[in-house]
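I have placed the structure first, in the form of structure tokens, so that the comments after it can refer back to it.
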Amino acid sequence: RVMLVEVMGRHAGWIALNAGLASGAHMTLIPEQPFDVEEVCRLVKQRFVRGDSHFICVVAEGAKPAEGSMQLKKGGTDEFGHEKFTGVAAQLAIEVEKRINKEVRVTVLGHVQRGGTPTPYDRVLATRFGVNAADAAHAGEYGMMVSLRGQDIGRVPLADAVRQLKLVPQSRYDDAAEFFG
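This is how it looks when you write it as structure tokens:
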């Protein structure tokens, strides 16, 4: 069986990349790196030829096929002018099934992925963030965002925090791709 797991990641593939690495997925597709459907199919077939019974691919919702690889349906825009996504994993599943004649299942985690039980580290970090945010508000420091650098909690101007997207660098994706297949 082939499993495609769609996760959040409209413009940046950090969630997908790290989920793929942490889960031992056989492939990860992110917005920064256009994918080739034929390459996906090649890796799936390769796993089954080796005798494996499954293939897992993590797909960021904003992943896009390489030019000419497959055509994604357009979903229009929402009331804020943002592109509506139409389920890249579901569309990819149809293409993979057609090309290699294997059953493909799709799971869209969406906001469910935010609902996991926090680790003790997460709880302590959230408390530290909360205390620092309350201190900032009490001091009249508005327009700031609490941040973590190394192990230090600090504040950065909100405008600086959102100035540009923090995309997955090619080298980081290439490192992860060493585990594909």
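Per my numbering, the sequence shown starts with residue 260, numbered consecutively.
Backbone N, C-alpha and C define an ideal beta-carbon position, used for all residues, glycine too.
Within the segment 324–363, the runs of alpha helix (DSSP H) at least 4 residues long that lie entirely inside it are, in chain order, 347–359.
Cys300 is not bridged by DSSP to any residue. Take the alpha-carbon of His313 and the one of Gly334: they are about 31 Å apart.
In the DSSP assignment, Asp411 falls within the beta strand (DSSP E) that extends over 411–416.
Val303 and Val355 do touch by the CB rule: their CB atoms are close to 7 Å apart, below 8 Å. Going by beta carbons, Leu351 and Val296 fall inside the 9 Å limit. Under the DSSP definition of a beta bridge, Ser406 partners with Gly413.
The C-alpha of Arg408 lies about 36 Å from the C-alpha of Thr336. If the five residues before and after Lys323 are omitted, its C-beta is found closer than 6 Å to the C-beta atoms of Pro293, all from its own chain and listed in chain order. Here Arg260 has His313, Glu362 as same chain residues with Cβ atoms under 6 Å from its own Cβ, once five neighbours each way along the sequence are excluded.
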